[in-house]
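*Asks:*
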Amino acid sequence: MEQVKKYWNDILRKLKQTETMHKVFYLASSLAFCVFSLLTALTHFAAARLYFYKGGSSFYDFFYCLRFGNYLDRYHLYETHTIYPPLANAIYCIMSRFMSTKAIRSMADFKNPAEIITISEAAILYTIYFIVTLLLFVAVTKSLKKGSKFEKTAFTVLILFSVPFMYQFERANIIFVALIFSMLFLLWKDSENAVLREASFVSLSVAAGIKLYPAILGLILVKEKRWKEAIRTMVYGVLAFVLPFKMFGGIRTGIKAMFGNMFGTIETFDVKGPGYHLNYTAFFKALLEGNATISNFVSGGIVTLLLGLGIIAFFGLKKDWKGLLLLSCLILGVPSISYTYAGIFLVMPLIFLLDATKDRKKTDYIYLIGILLVMLPLPFDLKASMQNVYYGFMEVPVSMYLACGAVFGMTVLLIIEGMAGIVREQKKAVVAAVAAVTLLIAVFAGWRGYGKINEPYSYTNYMTKINTGKETMSDGAVMTQEFTTKKATLNSFYLRFTGGKEGSYKISLKDAENKEVLYTEELMVKDVVNGQNHRFDTANMPVEANRDYVVEVEAHGTTDNSKIYITEENVVPKDEVATYQGQKMKYAMGLLVFER
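In the numbering used here, the protein residues as written are 139 to 734.
1. Assuming Y213 and F386 make a contact with CB atoms under 8 Å, what is their CB distance in whole Å?
2. CB-CB under 7 Å to L359, same chain, minus the five flanking residues each way: which ones, in chain order?
3. Use the C-beta contact count for G720: other C-beta atoms within 10 angstroms, 16 or more gives buried, fewer gives exposed.
4. Could you work out which residue in K161, Q141, F190 is closest to V516 when comparing CA atoms only?
5. Which whole-angstrom value is the C-beta distance of V663 and G641, which I expect to be below 8 Å?
6. What does the Cβ neighbour count give for A179, buried or exposed, with the cut at 16 atoms within 10 Å?
7. Quick check on the DSSP output: what are the complete alpha helix (DSSP H) runs of length 4 or more inside the segment 442 to 497, in order along the chain?
8. Considering only the alpha carbon of each residue, which of T218, Y164, R309, A185 lies closest to F197?
9. Since T627 sits in a beta bridge, which residues does DSSP pair it with?
10. Is it right to say C172 is buried, meaning 16 or more other beta carbons lie within 10 angstroms of its own, or is it exposed?
11. Straight-line CA distance for F319 to A353?
12. Distance check for I509 and A480, CA to CA, integer angstroms please.
13. Can you have a look at F236 and say buried or exposed, based on whether 16 or more other CB atoms are within 10 angstroms of its CB?
14. Please report the straight-line C-alpha distance between F163 and T610, rounded to a whole angstrom.
15. Whole-angstrom Cβ separation of V441 and V472, contact assumed at under 8 Å?
16. Leaving out five residues on either side along the sequence, give the residues of the same chain with a beta carbon under 6 Å from the beta carbon of L210.
17. So, is K384 buried or exposed, given that buried needs 16 or more other C-beta atoms within 10 angstroms?
18. Can you tell me whether A292 is buried or exposed, with buried defined as 16 or more other CB within 10 angstroms of its CB?
19. Identify, in the order they occur along the chain, each residue of the same chain with its Cβ nearer than 8 Å to the Cβ of W326, setting aside the five sequence neighbours on each side.
20. Can you confirm whether the segment 271 to 286 touches the segment 448 to 460 when touching is taken to mean that 3 or more C-beta pairs between the two stretches lie within less than 8 Å?
21. Give the range of the alpha helix (DSSP H) segment to which S700 is assigned.
22. Which ranges does the alpha helix (DSSP H) cover as unbroken runs of at least 4 residues, wholly within the segment 194 to 268, from first to last along the chain?
23. With respect to the beta strand (DSSP E) encompassing D649, which residues constitute its N-terminal and C-terminal limits?
24. Excluding sequence positions up to five away, which residues of its chain have a Cβ less than 6 Å from the Cβ of L296?
25. For H182, does the count of other Cβ atoms within 10 angstroms reach 16, so buried, or fall short, so exposed?
26. Would S286 be called buried (16 or more neighbouring beta carbons within 10 Å of its own) or exposed?
27. For D519, count the other beta carbons within 10 Å of its own beta carbon; 16 or more makes it buried, fewer makes it exposed. Which is it?
28. With the cut-off set at 7 Å, would you say A395 and L225 are in Cβ contact?
29. Based on the DSSP output, what are the partners of D95 in its beta bridges?
30. Using the rule of at least 16 other Cβ atoms within 10 Å of the residue's Cβ for burial, across every protein chain shown, is G614 buried or exposed?
31. Considering only residues of the same chain and omitting the five flanking positions on each side of D686, which have a CB-CB separation below 6 Å?
32. Using the DSSP secondary-structure output, state which residues sit across from D686 in a beta bridge.
33. Quick one: give me the first and last residue of the beta strand (DSSP E) that Y718 is part of.
34. Whose C-beta lies closer than 8 Å to the C-beta of T220 among residues of the same chain, with five residues either side of it excluded?
35. Going by C-alpha distance, which of S195, A544, L465 is nearest Y503?
36. Could you spell out where the beta strand (DSSP E) holding T181 opens and where it closes?
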């Protein structure tokens, strides 16, 4: 008992001697985690659903990439619609070499990547991956963070239990590896050891080769006028991006396919509500929900404006941690498919912010609060999550509004400060010229977004309502979904299936009134890519606004392994439900419709 009392008094003594900003961080992080843990236990996981519920697909990213990036089928990788750069896929490809060919073939037979965890060899690989990356992160964090051993340990533990880190653990996304290499760049770039310095440049190249956007951290070398090192880093980065394509069928075809997949994914996910997103586009679409015209114009223009001005303002920020924070905010905010786990990159500026004890200003607390709004679990929607098991995914929690708003707010404040710094250096003409050009580009980007408005019908959009099941499409089964057009041109529609080994789907678009077939396509079951939306391009087909149309799916020669995604029961209004085998159902078909 005396030992415990002595230990507790020692902690209190150290806390009293700690700087105020450190107290705010450690107390806020500890309290938020304790409250969140307690609420999660008391509500039987309802509190955690606000952030982590993914319908039984935990560790999906790891097993999905392991399945399609396996060594045996690597030459067909980019036919699976993957958007990962080849270096990331090369890592999974190398890991698959540690599996038997029998296990790899078994893995390919699973249509749902989440089921791959049942293969012991794949589960062992994930366990090794998790342990190695976790140990590496702990080691790098403790090396980068200043302070006592106790503080380094406390900081690392609290960070690992922050929302972005727990979310990326739940997803098992390789972004964690990109973060580790980015931190190695910051750790070694100023080393007196030439080998470690060069290793830092290679590390940044590897991080960029895995996730692309860490490449923006190379601006740090440019700002420090380390021209030769910046050029070498760029060369390393190009090699890290290009050479791994040789493992997957060739450089030219691989680059074309990857960027095609990437732009297609962005187009699909860009229309989705913010949900778990953490970017500027999600923030504005959430604020302007219900007005697709304005939100597309504003989000397209603002993102371009923030990126352009942010890069320029970076060179006007005097404090290193502020420059790093601005680059980190751009990493989070610019990609339109940036999810909550991208917030792990805030650990880098947070370390430097806490360690920069000299010349501390009261305004620095604004940025600490902004970072905490992204990092801490804040169960504002606890009651709603208890009442609706799918709340965190179907709706936008208050915590997500705050997180997106914090990223946007910190970006704007840092841009203003950076631009002011450049003006103080008597470079007003440069600022004016750059701002004018950036503004013109932003207006063009916004106008382009306005011209490409794709507004989904919410009641048939499975990405909005969340599919929680699949309906078997046995031979001869027919499922239909009726919808009403809002405009005069139908661009395309998406459906999502799980395939089997034989048979086909006949997909038709019909006029609901006169049953005229306007579009039809046959999709072979073996060609279905599980986990991806299949697009049916109607080539901007003219339709009659405010008229009812029907999408029909008919199965031919299929087995019970063939299924089509449906939305949750009773989430659709009135009678807008699916029809299966001629009978109206309580759910809607997972249909996503776009029109211009």
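Yeah, the Cβ is synthetic: ideal placement off N, Cα and C, and Gly gets one too.
Computed from a predicted structure; not experimentally measured.
*Replies:* Answer, in terms of the structure:
1. 6 Å
2. E367, A368, T371
3. exposed
4. Note on residue identity: the sequence assigns Leu, not Val, to residue 516. Nearest option by C-alpha distance: F190.
5. 5 Å
6. exposed
7. Restricting attention to alpha helix (DSSP H) runs no shorter than 4 residues, the segment 442 to 497 encloses them at 458 to 471, 485 to 493, ordered along the chain.
8. R309
9. P680
10. In the assembly as shown, C172 is an exposed residue. Its beta-carbon has fewer than 16 other beta-carbons within 10 Å.
11. 11 Å
12. 13 Å
13. exposed
14. 51 Å
15. 6 Å
16. Around L210: I242.
17. exposed
18. buried
19. L334, R335, A337, S338, S341
20. no
21. Where S700 is concerned, there is no enclosing alpha helix (DSSP H), given that its DSSP letter is neither H nor E.
22. 198 to 206, 224 to 234, 239 to 247
23. That run of the beta strand (DSSP E) goes 642 to 649.
24. S167
25. exposed
26. Of the residues assessed, S286 falls on the exposed side of the cut-off, its CB having fewer than 16 other CB atoms within 10 angstroms.
27. buried
28. no
29. Residue 95 is absent from the structure shown; the chain starts at 139 and stops at 734.
30. exposed
31. E620, T622, A650
32. For D686, which the question treats as bridged, DSSP gives the partners T622.
33. DSSP places Y718 inside the beta strand (DSSP E), whose first and last residues are 716 to 718.
34. C203, F206, G207, N227, M396, N399
35. A544
36. Per DSSP, T181 lies in no beta strand (DSSP E) segment and is marked neither H nor E.
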